[in-house]
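Student: Before I ask anything, let me first share the structure, which is written out below as C-alpha cells.
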Amino acid sequence: MTLAPGATTKETYAAALALLQDRRLVVLTGAGVSTDSGIPDYRSPGSPSRQPMTYQQFISGPQERQRYWARSHLGWRRMGSAVPNAGHRAVAAIDPELLITQNVDGLHEQAAPELARSGRIVTLHGRVADVICLSCRTLSPRRELQVRMEALNAGWAEAHADVESRPDGDVALEETQDFVVPDCEICGGILKPDVVFFGENVPKDRVNRCMAAVDALAEEGSELRGERHEGKGVLLVAGSSLAVMSGYRFVRRAAKAGIPVVIVNRGATRGDGEATYKLEVGTSEFLTALSSRRA
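Using the numbering used here, read the sequence shown as starting at 0 and increasing by one per residue.
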C-alpha cells in the first residue's frame with residue numbers, strides 16, 4: 000500500500016506503527032532527523048536551493064579550500080553545539096539491528112553511545128568532527144583544528160556572527176579571501192573533513208555492511224539478541240529525500256527482496272514508489288511514537 004505525498008491518514012499512521020512494532024528493523028536516517036536540533040537540511044519543503052562543494056572543487060586549488068574552511072569554521076561553531084533531539088533519542092530506544100545515517104553531525108552517536116560502541120551505527124558519509132590529511136592520512140579531531148583556525152584568524156568568527164547557517168556545518172558567506180587555512184602539522188599536507196563529499200564514493204566496507212544488514216531482513220523469522228521475531232524485517236527511512244544513491248540503493252535492495260519499506264519524510268522522496276507506507280509527518284513525532292510502541 001503506497002500513498003501519494005500528503006495523503007497520510009490516521010489509519011496509515013497506525014498501520015505503519017503496527018508493522019514496525021514487533022519486526023526487526025534497519026533504520027536509515029537523513030538530514031530531516033536533525034532539523035529539530037537546529038541543523039538545516041537540503042531538500043525539505045521551503046529549503047533554499049544549494050549545491051555543496053564537490054571533492055573535485057575542494058582539491059582544485061587553495062582558493063576553493065579557503066572558501067570551504069572559512070565557511071565551515073563558522074558553521075562548525077554552531078553544529079558543534081547542537082544536541083540530540085527527541086528523534087535521535089527515540090532511535091536509540093528503538094535499538095535497531097543497524098542504524099545507517101547519512102548525517103555527518105554525530106548526533107546519533109551522542110544519543111546512542113551503546114549502539115555506537117556495539118558497532119551498530121554506520122556513518123555512511125563520515126563525521127565532520129574528524130579531519131584527515133590527504134597526504135599522510137593522519138586522522139585528528141576537528142576541535143583541535145578549530146583551535147588552530149581561531150588562532151590564525153583572530154576576530155573572524157565575531158566579524159561574521161550574523162551569517163545564515165546552512166546544512167552540514169556550512170554558512171552563507173562569499174567573502175573568504177582573507178581566511179588563513181592551516182596545513183597538516185605532521186607533513187604539511189592538505190586537511191579535509193573526514194566526510195564523503197559529492198563526487199566521492201562511500202567506502203565499500205560501509206556499503207557492504209549496510210547491504211548485509213538489509214539482506215538479513217529478508218529472513219522470515221530469526222532470533223536476535225535473545226528475542227524471537229516472526230516475519231520479514233522492515234527498512235525504516237526517516238528524514239531523507241533519498242535523492243542521492245548512497246541511501247536510495249538500500250531502499251531498492253529491500254524492495255527487490257520483498258522487504259517492507261516505511262518512509263517518514265516531509266516532502267516527496269525518490270523511494271516513494273517502493274514504499275509500503277509513506278508518511279508525511281515529523282520524524283521526531285513518529286520515531287517517539289514508535290519507540291513507545293516497542294518499549
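Backbone N, C-alpha and C define an ideal beta-carbon position, used for all residues, glycine too.
For the putative contact between V180 and Q62, defined by C-beta atoms under 8 Å, what is the C-beta separation to the nearest angstrom?
Tutor: For the purposes of this step, residue 180 is taken as residue 181 along the sequence shown, with counting starting at 1. For the purposes of this step, residue 62 is taken as residue 63 along the sequence shown, with counting starting at 1. Rounded to whole angstroms, the Cβ separation of V180 and Q62 is 10 Å, and the two are not in contact under 8 Å.
Student: Straight-line CA distance for I262 to G29?
Tutor: Taking the sequence shown and counting its residues from 1, one reaches residue 262 at position 263. Taking the sequence shown and counting its residues from 1, one reaches residue 29 at position 30. The alpha-carbon atoms of I262 and G29 are separated by roughly 11 Å.
Student: Locate the alpha helix (DSSP H) running through V142, then write down its first and last residues.
Tutor: Along the sequence shown, read from residue 1 onward, the residue named residue 142 stands at position 143. What sits at residue 142 in the sequence shown is Arg, not Val. 141-151 is the extent of the alpha helix (DSSP H) around R142.
Student: Measuring CA to CA, which of G266, D104, E199, A217 is closest to Q56?
Tutor: Against the sequence shown, residue 56 aligns to sequence position 57. Looking at the Cα atoms, E199 is the closest of the given residues.
Student: Three Cβ pairs or more, each shorter than 8 Å: is that satisfied between the segment 204-220 and the segment 83-101?
Tutor: yes
Student: Can you round the beta-carbon distance between V32 and T282 to whole angstroms, since I take them to be within the 8 Å contact cut?
Tutor: Start at 1 with the first residue of the sequence shown, and residue 32 comes out as number 33. Start at 1 with the first residue of the sequence shown, and residue 282 comes out as number 283. Confirmed, about 5 Å.
Student: Is P39 helix, strand or coil by DSSP?
Tutor: Counting from 1 along the sequence shown, the entry for residue 39 is found at position 40. Correct three-state label for P39: coil.
Student: State buried or exposed for V146, treating a residue as buried only when at least 16 other CB atoms are found within 10 Å of its CB.
Tutor: On the sequence shown, residue 146 is found 147 positions in, with the first residue counted as 1. Flag for V146 reads exposed.
Student: Is the beta carbon of Q101 sitting closer than 9 Å to the one on V243?
Tutor: The sequence position of residue 101 within the sequence shown is 102, counting from 1. The sequence position of residue 243 within the sequence shown is 244, counting from 1. Going by C-beta atoms, Q101 is nearer than 9 Å to V243.
Student: Going by C-alpha to C-alpha distance, which of R265, I189, V260 sits closest to S59?
Tutor: Within the sequence shown, residue 59 is the residue found at index 60, counting from 1. With distances taken between Cα atoms, S59 lies closest to I189.
Student: Can you check which of these residues, S117, F249, E184, is closest to S239 by C-alpha distance?
Tutor: In the sequence shown, residue 239 corresponds to position 240, counting from 1. Measuring from the Cα of S239, the nearest candidate turns out to be F249.
Student: Going by DSSP in three states, K231 sits in which element: helix, strand or coil?
Tutor: Against the sequence shown, residue 231 aligns to sequence position 232. Coil.
Student: Would you list the residues sitting across from Y276 in a DSSP beta bridge?
Tutor: Looking up residue 276 in the sequence shown gives position 277. DSSP output for Y276 lists V261 as bridge partner(s).
Student: Take A156 and list the residues in its own chain whose beta-carbon comes closer than 8 Å to its own, dropping the five residues that flank it on each side.
Tutor: The residue you call residue 156 lines up with position 157 of the sequence shown. Same-chain partners within the cutoff: H72, L73, R76, E149.
Student: For the beta strand (DSSP E) holding T100, just list the boundary residues, first then last.
Tutor: Taking the first residue of the sequence shown as position 1, residue 100 is located at position 101. Segment 97-100, the beta strand (DSSP E) holding T100.
Student: Quick one: measure Cβ to Cβ for G278 and A15, integer angstroms, because I've assumed they're closer than 8 Å.
Tutor: Reading the sequence shown from its first residue, position 279 is the one you call residue 278. Reading the sequence shown from its first residue, position 16 is the one you call residue 15. A small fix is needed here, since residue 278 is Leu in this sequence, not Gly. Confirmed, Cβ separation roughly 6 Å.
Student: Work out the CA separation of V260 and S290 for me, nearest whole Å.
Tutor: By one-based count along the sequence shown, residue 290 stands at place 291. By one-based count along the sequence shown, residue 260 stands at place 261. Distance between the alpha carbons of S290 and V260: 17 Å.
Student: Could you have a look at I93 and say whether DSSP puts it in helix, strand or coil?
Tutor: The sequence position of residue 93 within the sequence shown is 94, counting from 1. Helix.
Student: Starting from the Cα of T137, find the closest Cα among G79, K191, G154, A89 and give me that residue.
Tutor: Residue mapping note: residue 137 aligns to position 138 of the sequence shown, counting from 1. Here the closest residue by C-alpha is K191.
Student: What residue from G246, S134, A69, D271 has the CA that sits closest to I185's CA?
Tutor: For the purposes of this step, residue 185 is taken as the residue at position 186 of the sequence shown. Answer by Cα proximity: S134.
Student: Apart from the five residues just before and just after C296, which ones in its own chain have a Cβ nearer than 7 Å to its Cβ?
Tutor: The first residue shown for the chain is 0 and the last is 294, placing residue 296 beyond what the model contains.
Student: Note down the Cα distance separating L24 from G232, rounded to an integer number of angstroms.
Tutor: Residue numbering aside, residue 24 sits at position 25 when the sequence shown is read from its first letter. Residue numbering aside, residue 232 sits at position 233 when the sequence shown is read from its first letter. Looking at the two C-alpha atoms, the distance is approximately 6 Å.
Student: Beta-carbon separation of V90 and A237 under 9 Å?
Tutor: Start at 1 with the first residue of the sequence shown, and residue 90 comes out as number 91. Start at 1 with the first residue of the sequence shown, and residue 237 comes out as number 238. Closer than 9 Å, so yes.
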